[in-house]
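Enquirer:
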Ligand code: GLN
């Protein structure tokens with residue numbers, strides 16, 4: 029049914045870069061056989077899933093939305109893909125994304141735009157616009173995204189779906205093509221909070237192949253979602269982050285946010301205001317730390333190891349000239365912009381002024397979270413300041429594009445978990461997202477509160 033749906037809507041939506049129909053049908057047949065044989069199967073066995081193209085999949089092309097990886101077929105699976113396959117979920121294919129996960133609209137993909145299923149003239153968010161659009165358009169019931177600064181939560185917000193960025197270190201990064209290693213986390217993109225909890229428990233938990241992996245087992249999310257569905261939040265304190273509302277936020281976004289606060293009060297929660305004064309500097313710190321880490325992570329794309337190799341059109345074929353020709357053609361403008369920013373910020377003489385200062389701001393943001401979580405069990409805000417904008421509207425204005433992430437970036441800088449869930453429609457008829465943030469390793473709280481609001 030999902031393959032039929034993909035065939036019907038893909039020409040308009042373009043959520044996928046690669047559809048793995050044969051492999052998915054083979055897995056489905058295998059699960060059917062195991063079910064008929066009376067095997068004990070995982071709750072999600074046979075439920076198909078789409079995977080963001082930044083996650084490596086053995087035997088399936090993996091491009092991270094970049095020309096530089098065109099034609100590369102990984103020889104191994106990411107840990108989370110191993111877990112998905114072991115549980116019997118057919119992988120439907122790989123989803124479109126901004127190149128190397130840099131962007132908020134999926135317009136920086138080297139393989140064309142994804143369109144928002146709510147309005148095909150509009151962006152589906154980014155960088156994981158393909159995963160969110162596939163779920164919103166019923167081309168997949170579940171998808172995997174990655175979130176370095178909001179790339180699961182902001183696409184969820186603008187497509188009316190659920191997106192969860194787990195605690196840093198709780199889902200293995202082994203097999204994710206790294207953007208910024210200290211910020212990256214993979215997580216679920218779904219239509220319901222309970223689906224996200226089921227998928228999170230499946231992909232989460234310790235992995236010895238990721239040196240930043242936490243020892244914690246991924247349990248308690250489904251139970252928390254079921255508990256939340258009872259609608260009782262008595263005893264829970266909800267902190268509204270003063271700095272993540274007001275100026276720059278669309279009136280319809282703020283109106284829906286206020287209605288959800290009322291719903292939380294009706295469920296018995298106490299709503300208080302908290303202040304996180306350093307959040308105003310989060311975007312600036314992020315756009316130094318991320319390019320610095322990305323410039324280092326992307327150094328391995330040299331025309332010799334993976335994918336594209338371009339030889340200079342004239343002159344000697346030296347390693348350096350092959351590297352320059354390959355990177356010149358293989359990377360898009362946004363990737364080049366960030367490599368230039370990152371190498372500049374890390375260069376001798378500027379390191380302390382830029383990268384060093386940004387790391388200090390990061391610590392202050394972590395302390396803001398610590399103080400806020402003394403006053404409240406969860407923090408809430410709109411996920412994104414506006415609903416989906418028109419394709420092309422912000423493409424030539426990097427700063428306007430970066431501003432989409434003001435509310436999502438603090439969580440990545442501090443490593444805390446966050447969820448975006450559907451929060452009705454704004455005055456323009458487009459979906460709005462409601463963000464919930466919890467202390468590190470307390471992801472279960474997201475599911476309890478999310479399921480109450482759903
Ligand atoms: N939009 C943000 C950026 O461009 C977030 C990216 C992400 O989370 N991968 O960096």
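In UniProt numbering, the protein residues as written are 29 to 482.
We put the CB at the ideal spot given by N, CA and C, even for glycine.
What residue range is occupied by the uninterrupted alpha helix (DSSP H) comprising residue 151?
Expert: Per DSSP, residue 151 belongs to no alpha helix (DSSP H) and is neither H nor E.
Enquirer: Leaving out five residues before and five after residue 330 in sequence, what residues of the same chain have Cβ atoms less than 6 Å from its Cβ?
Expert: 351
Enquirer: Could you tell me which of 199, 240, 476 sits nearest to residue 107, measuring between CA atoms?
Expert: Out of 199, 240, 476, 199 has the C-alpha closest to the C-alpha of residue 107.
Enquirer: Using a Cβ distance threshold of 8 Å, determine whether the segment 286-299 contacts the segment 425-441, with at least three qualifying pairs required.
Expert: no
Enquirer: Going by CA-CA distance only, name the one from 348, 325, 337, 392 that's closest to residue 363.
Expert: 325
Enquirer: Hey, would you say residue 156 sits closer than 8 Å to residue 125, going by beta carbons?
Expert: yes
Enquirer: Contact defined as beta carbons within less than 8 Å: I believe residue 436 pairs with residue 182. What is the distance between those atoms, to the nearest angstrom?
Expert: 6 Å
Enquirer: Keeping to the same chain, check which residues put their C-beta closer than 7 Å to that of residue 306; ignore five residues upstream and five downstream.
Expert: 389, 392, 393, 396
Enquirer: Cα-Cα, which of 142, 259, 61, 187 is closest to residue 475?
Expert: Nearest Cα to residue 475 within the set 142, 259, 61, 187: 259.
Enquirer: Residue 406 and residue 466 - do their beta-carbons sit closer together than 8 Å?
Expert: Against a cut-off of 8 Å, the Cβ pair of residue 406 and residue 466 comes out as a contact.
Enquirer: Report the partner residues of residue 434 according to the DSSP bridge assignment.
Expert: Looking at the DSSP assignment, residue 434 forms no beta bridge with any residue, so it has no partner.
Enquirer: Exposed or buried, what is residue 358 when buried is set at 16 or more other beta-carbons lying within 10 Å of its beta-carbon?
Expert: buried
Enquirer: On the three-pair Cβ rule with 8 Å, is the segment 193-210 touching the segment 97-113?
Expert: Touching, yes, given that three or more Cβ pairs across the two stretches are closer than 8 Å.
Enquirer: State buried or exposed for residue 403, treating a residue as buried only when at least 16 other CB atoms are found within 10 Å of its CB.
Expert: exposed
Enquirer: Verify whether the separation of the beta carbon atoms of residue 227 and residue 216 is less than 8 Å.
Expert: The Cβ atoms of residue 227 and residue 216 sit closer than 8 Å to each other.
Enquirer: Out of curiosity, what's the CA-to-CA distance linking residue 138 and residue 262?
Expert: 49 Å
Enquirer: Ignore the nearest five residues each way along the sequence and tell me which others in residue 168's own chain have a CB closer than 7 Å to its CB.
Expert: 30, 76, 77, 78, 120, 162
Enquirer: Would you call residue 83 buried or exposed, if buried means 16 or more other Cβ atoms sit within 10 Å of its Cβ?
Expert: Residue 83 comes out buried.
Enquirer: Compute the Euclidean distance between the alpha carbons of residue 57 and residue 387, then round it to the nearest angstrom.
Expert: Taking the straight line joining both Cα atoms gives about 50 Å.
Enquirer: Please report the distance separating the alpha-carbon of residue 117 from that of residue 72.
Expert: 7 Å
Enquirer: Please go through the same chain and pick out, in chain order, the residues whose beta-carbon is closer than 7 Å to the beta-carbon of residue 98, but skip the five residues on each side of it.
Expert: 91, 335, 336
Enquirer: The ligand GLN heavy atoms versus the CB of residue 360: any closer than 7 Å?
Expert: no
Enquirer: Where does residue 422 fall in DSSP's three states?
Expert: Three-state DSSP puts residue 422 in coil, outside helix and strand.
Enquirer: Out of 266, 61, 413, which one is the CA nearest neighbour of residue 292?
Expert: 266
Enquirer: Beta carbon of residue 412, beta carbon of residue 185: below 8 Å?
Expert: Yes.
Enquirer: Measuring straight from C-alpha to C-alpha, what distance separates residue 382 and residue 322?
Expert: 15 Å
Enquirer: Hey, would you say the C-beta of residue 486 is under 7 Å away from at least one heavy atom of the ligand GLN?
Expert: In the structure as shown, the chain starts at 29 and stops at 482, and residue 486 therefore has no counterpart that could be examined.
Enquirer: Nearer than 7 Å: is that true of the beta carbon of residue 94 relative to any heavy atom of the ligand GLN?
Expert: Relative to the ligand GLN, the beta carbon of residue 94 is positioned no closer than 7 Å to any heavy atom.
Enquirer: Based on Cα-Cα distance, which residue from 302, 80, 353 lies nearest to residue 158?
Expert: Comparing Cα-Cα distances from residue 158 to each of 302, 80, 353, the minimum goes to 80.
Enquirer: Report the CB separation of residue 42 from residue 122 in whole angstroms; it is logged as a contact under 8 Å.
Expert: The pair is not a contact, with the Cβ atoms about 13 Å apart (cut-off 8 Å).
Enquirer: If you scan the segment 347-424 from start to end, which runs of the alpha helix (DSSP H) of 4 or more residues do you find wholly inside it?
Expert: DSSP runs (the alpha helix (DSSP H)) wholly in the segment 347-424: 347-358, 361-374, 385-403.
Enquirer: If we require 4 or more residues per run, which alpha helix (DSSP H) segments fall completely within the segment 59-106?
Expert: none
Enquirer: Could you give the DSSP three-state label for residue 444: helix, strand or coil?
Expert: If DSSP states are grouped into helix, strand and coil, residue 444 belongs with coil.
Enquirer: Who are the Cβ neighbours of residue 309 in its own chain at under 8 Å, not counting the five residues just before and after it?
Expert: 389, 392, 393
Enquirer: I want to check one thing, is the minimum distance from the CB of residue 155 to the heavy atoms of the ligand GLN below 7 Å?
Expert: Within 7 Å of the C-beta of residue 155 there is at least one heavy atom belonging to the ligand GLN.
Enquirer: So the alpha helix (DSSP H) residue 228 belongs to, where does it begin and stop?
Expert: 221-231
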